[in-house]
Amino acid sequence: MGQMLTLTESAAKRVAWIADKQSKPAILRLSVEGGGCSGFQYKFDLADQADGDDSVSETSGVQLVVDPLSLDLVNGSVVDFVESLGGAAFRVENPNAAAGCGCGSSFGI
Numbered sequence: 005m006g007q008m009l010t011l012t013e014s015a016a017k018r019v020a021w022i023a024d025k026q027s028k029p030a031i032l033r034l035s036v037e038g039g040g041c042s043g044f045q046y047k048f049d050l051a052d053q054a055d056g057d058d059s060v061s062e063t064s065g066v067q068l069v070v071d072p073l074s075l076d077l078v079n080g081s082v083v084d085f086v087e088s089l090g091g092a093a094f095r096v097e098n099p100n101a102a103a104g105c106g107c108g109s110s111f112g113i
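If you use the working numbering, the sequence shown corresponds to residues 5 to 113, in order.
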C-alpha cells in the first residue's frame with residue numbers, strides 16, 4: 005500500500021516552530037488510540053526519529069510519521085494546522101471516518 009498522508013504547509017510551519025522551541029527534530033508523529041466520543045482519537049507527539057516500519061511523509065523539511073496500525077485508520081488523510089477564534093489546533097481530514105465529534109479530535113470507522 006502506498007503512503008497516502010499529507011502534511012499541509014501550515015502544519016509543517018507549526019511543527020517546525022514547536023520543534024525549534026523544544027530543540028527537537030521536526031518530526032510529527034500521528035497515532036490513533038481507542039477512546040474519545042466516537043471510538044478513536046488522534047494523538048500528536050514530536051518524535052526523535054521515525055521507526056523502521058513507519059510511513060513517512062515530508063513537507064518543507066518536516067516529517068509526518070505514522071505507525072502501521074494507525075495508518076490503516078488514517079490512510080489518505082490530510083493533517084492541517086488551523087487557527088480560529090476558538091483556538092489553534094492540528095486537524096485531521098480523514099476520508100475513512102464515517103462519524104466524528106464536534107471537537108474534531110475523535111472519529112469512528
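C-beta: ideal position from N, C-alpha, C; glycine also.
Any chance the CB of residue i is under 8 Å from a heavy atom of the ligand MG?
i   : result
N98 : Looking at this structure, you won't find the ligand MG or any other ligand, since it has none at all.
Rounded to the nearest angstrom, what separates residue i and residue j at their Cα positions?
i    : j   : result
K28  : G56 : 19 Å
Q7   : G80 : At Q7 the pLDDT is 48, less than 50, meaning the model places this residue with poor confidence; the figure from the coordinates comes in the next sentence. Approximately 8 Å between the Cα atoms of the pair.
V19  : Q45 : 20 Å
N100 : D76 : 9 Å
M5   : W21 : Because the pLDDT of M5 is 47, which lies under 50, any placement of that residue in the model is unreliable, and the question is left without a value.
Are there 16 or more other CB atoms within 10 angstroms of the CB of residue i, so buried, or fewer, so exposed?
i    : result
D24  : exposed
I59  : It is worth fixing the name first, because residue 59 is Ser in this sequence and not Ile. So S59 counts as buried.
L73  : exposed
A102 : exposed
L89  : exposed
Q67  : buried
Only counting the same chain, and skipping five residues up and downstream in sequence, which positions put a Cβ closer than 6 Å to that of residue i?
i   : result
T63 : L11 and A16
V86 : R95
Tell me which same chain residues have a C-beta within less than 7 Å of the C-beta of residue i, skipping the five on either side of it?
i   : result
G93 : Going by the sequence as given, residue 93 is Ala instead of Gly. The answer, listed in chain order, is V86.
Check your understanding: Where in the stretch 33-101 do unbroken runs of the beta strand (DSSP E), each at least 3 residues long, occur, reported from the N-terminal end onward?
Key -> 44-50, 59-63, 66-70, 82-88 and 91-97
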